Amino acid sequence: MRVFLLPKEYSGEPVHHLSKRESRYLFSVLRLEINETITAKDRNGKYYKAFLFSGSEMALEPTDEPEATLLDSLSSYEGGFIPIHAFISVLKNRKTETAVRMLTEIGVCRIVLMETEFTEGTINAHQLERLETIVREAVQQSGSAVPELIGPLPFAKALPLLEGTRIILHQSRRTATVPIGKAISGASCVSYMIGPEGGFSDRECESAEHEAALPVLLPTNILRAETAAVYAASAIQTLLNEPS
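Be aware that the sequence shown starts at 0, since it is given in numbering that gives the first Met the number 0, and climbs by one per residue.
Set out below in structure tokens:
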């Protein structure tokens with residue numbers, strides 16, 4: 000379901016003062032009007048009835064019935080997603096932004112940005128703040144849960160954060176490559192790793208395998224790094240959420 004996501008600094012005040020960006024989203028993009036009531040959600044997953052009593056403020060009242068005041072009536076998946084942790088290399092230009100937005104919409108629970116041997120892109124404080132904004136906008140658009148965004152971290156420091164069933168996707172054929180369906184069969188949580196445009200180095204693959212990550216080669220065409228990140232998340236989610 001689609002809701003208005005409150006900023007991370009919100010701490011339960013009865014009135015929220017809208018930023019210019021928030022006001023534009025509500026009144027120009029969604030074309031809402033003053034005196035309308037919508038559903039809002041904070042970063043802890045608590046829902047509120049949000050009454051737009053001016054162009055720059057909303058009154059918030061906790062609610063146990065968020066469906067009553069949704070931003071729209073778009074349907075959404077009602078089942079519980081298997082937790083997916085996406086470990087992706089920082090990419091060039093704005094490709095990281097594209098990947099983060101799409102992974103948020105798909106519903107991954109955590110996105111860990113990595114700096115690998117072949118990483119060419121960089122992320123500064125301003126760009127990281129922009130990624131947080133992209134996550135927020137993607138959550139409002141898709142109704143997904145807010146993923147945890149971590150990094151960027153050196154590859155070696157990202158490895159200890161792997162959880163559940165671990166897979167590393169790469170472009171070259173290595174020994175003992177496992178089909179993705181077999182690698183994640185029966186998993187209750189999956190962490191997958193996607194490298195930069197040049198892929199992972201053999202040393203990085205070996206380090207990941209030492210952390211129990213299974214090497215997987217996707218049965219598809221050659222994909223851009225950002226496309227591979229989204230393709231893998233979609234495949235994992237579909238395979239693990241298929242009805243038995």
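We treat Cβ as the ideally placed atom computed from N, Cα and C, and that holds for glycine. Values in this document were obtained by computation on a predicted structure and should not be read as measured data.
Requested in this report: Could you spell out where the alpha helix (DSSP H) holding ARG109 opens and where it closes?
Outcome: Here the question's residue 109 lines up with position 110 in the sequence shown. Careful: ARG109 lies outside any alpha helix (DSSP H), inside the beta strand (DSSP E) at 109-114.
Requested in this report: Have a look at LEU216 and SER53 and give me their C-alpha separation to the nearest angstrom.
Outcome: Locating residue 216 in the sequence shown gives position 217, counting from the first residue. Locating residue 53 in the sequence shown gives position 54, counting from the first residue. Their backbone Cα atoms lie some 53 Å apart in a straight line.
**Report entry** Inter-residue spacing [alpha-carbon to alpha-carbon] between ALA182 and LYS94
**Finding:** As a position in the sequence shown, residue 182 is number 183, starting the count at 1. As a position in the sequence shown, residue 94 is number 95, starting the count at 1. Between the alpha carbons of ALA182 and LYS94 lies a gap of roughly 27 Å.
Requested in this report: Might you give, ordered along the chain, the residues of its own chain that have their beta carbon closer than 7 Å to the beta carbon of ALA175, omitting 5 neighbours on each side?
Outcome: In the sequence shown, residue 175 corresponds to position 176, counting from 1. Only PRO214 meet the Cβ criterion.
Query raised in the report: Nearest-angstrom Cα distance between SER10 and GLU64?
Result: Here residue 10 refers to the residue found at position 11 when the sequence shown is read from its first residue. Here residue 64 refers to the residue found at position 65 when the sequence shown is read from its first residue. Distance between the alpha carbons of SER10 and GLU64 is about 20 Å.
Query raised in the report: Under a Cβ-count criterion, where at least 16 other Cβ atoms within 10 Å of its own Cβ denotes burial, should HIS169 be classed as buried or exposed?
Result: One-based indexing of the sequence shown puts residue 169 at position 170. Classification for HIS169: buried.
Report task. Output the distance between the C-alpha atoms of GLY194 and CYS204, rounded to the nearest integer angstrom. Result -> Within the sequence shown, numbered from 1, the residue matching residue 194 stands at position 195. Within the sequence shown, numbered from 1, the residue matching residue 204 stands at position 205. Answer to the nearest angstrom: the Cα atoms are 10 Å apart.
Query raised in the report: If we ignore side chains and look at the alpha-carbon of each, how far apart do LYS48 and LEU25 end up?
Result: The sequence position of residue 48 within the sequence shown is 49, counting from 1. The sequence position of residue 25 within the sequence shown is 26, counting from 1. Cα to Cα, the separation comes out at about 15 Å.
Query raised in the report: So the beta strand (DSSP E) GLU147 belongs to, where does it begin and stop?
Result: Looking up residue 147 in the sequence shown gives position 148. From DSSP, the beta strand (DSSP E) with GLU147 extends over 147-153.
**Report entry** Beta-carbon gap between GLU147 and CYS188 smaller than 8 Å
**Finding:** On the sequence shown, position 148 is the one that residue 147 refers to. On the sequence shown, position 189 is the one that residue 188 refers to. For GLU147 and CYS188, no; Cβs fall outside 8 Å.
Query raised in the report: Got a sec: is the Cβ-Cβ distance from ALA175 to anything in chain B below 8 Å?
Result: Given the protein chain composition of this structure (a single chain), no chain B is represented.
Query raised in the report: Excluding sequence positions up to five away, which residues of its chain have a Cβ less than 7 Å from the Cβ of ALA207?
Result: Stepping through the sequence shown from its first residue, residue 207 is reached at position 208. Only LEU158, ILE167, MET192 meet the Cβ criterion.
Query raised in the report: Looking at ALA228 and LEU130, is the spacing between their C-beta atoms short of 8 Å?
Result: Residue numbering aside, residue 130 sits at position 131 when the sequence shown is read from its first letter. Residue numbering aside, residue 228 sits at position 229 when the sequence shown is read from its first letter. It is not a contact, given that the beta carbons lie outside the stated cut-off.
Requested in this report: Return the residue from the list GLU60, ILE33, SER55 that minimises the CA-CA distance to TYR46.
Outcome: As a first step, residue 46 must be located in the sequence shown, where it is residue number 47. For TYR46, the nearest C-alpha among the options comes from GLU60.
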